[in-house]
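**Student:**
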Amino acid sequence: MNALAPLQEPMSARSPRLAHATAFAPACVGNVGVGFDILGHSMAGAGDRAEVRRIDEPVVRIAAIRGCVTALPTDAGANTAGAALLALRKALGVQHGFELTLHKGIALGSGMAGSAASCVAALVAANALLETPLPREALYGFAMDGEAVASGGRHGDNVGPQLLGGLALATHDRVLRIPVPAGWHCALVHPHFVLETRKARAALAGHYALGEFVAQSANLSLLLAGCFQGDAALVREGLKDVLVEPRRASLVPNFARVKQAALDHRALGASISGGGPSVFGWFEQRDEAEAAAVAMRAAFAEAGLDSDAFVAPIDGPAATLLDDEAAA
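Residue 259 in the UniProt record's numbering sits at position 259 of the sequence shown, with consecutive numbering throughout.
1) For a test of the three-state rule: what should DSSP assign to residue 330, helix, strand or coil?
2) Write down the C-beta distance between G146 and T80 rounded to the nearest angstrom, noting that I regard them as a contact closer than 8 angstroms.
3) So, with DSSP's three-state summary, where would you put residue 329?
4) Bridge partners for I314 per DSSP, in chain order?
5) Measuring alpha carbon to alpha carbon, tell me which of A71, R54 and G156 ends up nearest A138.
6) Please state whether the Cβ-Cβ distance between S307 and H192 is less than 8 angstroms.
7) Would you tell me roughly how many angstroms separate the C-alpha atoms of R136 and G166, rounded to the nearest one?
8) Looking only at C-alpha atoms, which of A232, D287, R247 and R297 sits nearest to A261?
9) Tell whether a beta-carbon distance below 8 angstroms holds between I65 and L39.
10) Is DSSP giving E99 helix, strand or coil here?
11) Among K259, A125, K104 and L239, which residue has its Cα nearest to the Cα of A295?
12) Give the range of the alpha helix (DSSP H) segment to which L302 is assigned.
13) Straight-line CA distance for S273 to G33?
14) If the criterion is Cβ atoms closer than 8 angstroms, does the pair A27 and A150 meet it?
15) So who's on the other strand from I178, going by DSSP bridges?
16) Anyone know if the C-beta pair for A187 and F280 falls short of 8 angstroms?
17) Measure the CB-CB distance between A125 and Q162 and report whether it falls below 8 angstroms.
18) Quick check on the burial criterion: 16 or more other C-beta atoms within 10 angstroms. Buried or exposed for A233?
19) Roughly how far, in whole angstroms, is the beta-carbon of A23 from the beta-carbon of A50, given that I think they are within contact range, below 8 angstroms?
20) Could you tell me whether the Cβ atoms of F36 and V214 are closer together than 8 angstroms?
21) In the DSSP assignment, the alpha helix (DSSP H) including R247 goes from what residue to what residue?
22) Taking the alpha helix (DSSP H) that D271 belongs to, which residues open and close that run?
23) Which class does R14 belong to by DSSP, given the choice of helix, strand or coil?
24) Looking at E290 and G183, is the spacing between their C-beta atoms short of 8 angstroms?
25) Quick one: what's got a C-beta closer than 8 angstroms to Y208's C-beta in the same chain, skipping five residues either side?
26) Could you round the C-beta distance between L195 and G275 to whole angstroms and report it? I think they count as a contact, below 8 angstroms.
27) Between V180 and S278, how many whole angstroms is the CB-CB distance? I'm expecting something under 8 angstroms.
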């Protein structure tokens with residue numbers, strides 16, 4: 001499939017008789033350092049699963065939340081997945097309702113886009129229950145509606161890549177998949193430390209110099225050009241966050257050492273994933289990423305933190321529908 005072609009659900013998922021569907025959405029590296037709120041890439045290795053049933057009652061009901069995080073709102077309007085389904089029902093005038101069970105596989109406040117994964121998985125599953133399922137891109141706005149419940153704003157750097165897969169440029173109105181060489185890998189290390197998204201965003205308040213915006217725009221442009229051309233040197237020059245990272249670095253224990261560990265293992269660049277505290281690095285080769293992940297974990301251990309490491313292609317998976325056997 002062309003990486004830029006619209007993603008639609010399989011024909012087998014389009015039966016109007018379907019009353020139950022399960023979907024999985026992967027973790028995500030938000031911002032990718034230089035693309036605050038507009039750039040992200042999906043990451044295999046962790047994710048959230050959503051089971052959705054069509055019900056006659058015209059409501060969205062959260063039946064249960066299971067997995068590594070359970071202390072989340074069960075009121076639909078206060079839950080990212082529930083809010084996304086409410087937005088879908090309202091926009092399409094859907095007469096039936098949805099009952100949702102979430103299976104959380106991404107830790108709370110991890111910087112791995114757990115709140116976004118929940119609403120994307122729920123939307124992909126619910127979309128399969130519609131008589132005429134929407135193209136994948138048409139779910140983007142509803143996903144941002146859901147994400148806003150957790151972050152306080154509509155931004156697509158997490159939900160966009162989770163919907164389409166891979167690296168995505170996510171603006172207010174559009175989401176575009178960006179080509180990345182298949183051999184390029186990401187090392188993502190998540191310390192066992194909670195950093196709430198709202199706290200991470202609050203750290204960004206204050207004055208910014210015009211020169212910082214110019215430098216960040218130049219770096220983002222270099223990174224995107226490098227991805228399109230498969231030019232690692234351009235990415236290495238561009239993957240340097242001069243705007244957001246300096247204001248959030250103190251929120252991530254031992255961040256400077258963790259980042260340096262990635263750079264010491266030939267990272268094209270490294271920074272904070274999403275709002276943190278997870279840290280990522282980009283690499284041309286998988287073995288470089290694997291070696292860096294070990295060193296990055298050791299740097300977190302210096303701060304007394306255990307951590308989990310994930311190594312996967314930057315051109316990661318999109319959210320997918322699961323059959324009953326796979327979901328069990």
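Glycine included, each C-beta is placed from N, C-alpha and C at the ideal position.
**Tutor:** For this structure:
1) The shown model of the chain, from 1 to 328, leaves out residue 330, and the question about it has no answer.
2) The C-beta distance from G146 to T80 rounds to 4 angstroms, short enough to fall under 8 angstroms.
3) This structure cannot speak to residue 329, because the chain is shown only from 1 to 328.
4) I314 is not bridged to any residue.
5) G156
6) yes
7) 14 angstroms
8) R297
9) The answer is no: Cβ separation not under 8 angstroms.
10) strand
11) K259
12) Per the sequence shown, residue 302 should be read as Glu rather than Leu. In the DSSP assignment, E302 falls within the alpha helix (DSSP H) that extends over R286 to E302.
13) 7 angstroms
14) Not a contact, by the Cβ cut-off of 8 angstroms.
15) L167
16) yes
17) Not in contact: A125 and Q162 (Cβ atoms no closer than 8 angstroms).
18) exposed
19) 6 angstroms
20) no
21) Segment E245 to R248, the alpha helix (DSSP H) holding R247.
22) Correcting the residue type first, residue 271 is Ser in the shown sequence and not Asp. That residue, S271, is in no alpha helix (DSSP H); its beta strand (DSSP E) goes G269 to I272.
23) Bear in mind that the predicted position of R14 carries a pLDDT of just 44, short of 50, making it unreliable; the figure below should be weighed with that in mind. Reduced to three states, the DSSP call for R14 is coil.
24) Not a contact, by the Cβ cut-off of 8 angstroms.
25) L243
26) Confirmed, Cβ separation roughly 6 angstroms.
27) Going by Cβ atoms, the distance from V180 to S278 rounds to 19 angstroms, so no, they are not a contact pair.
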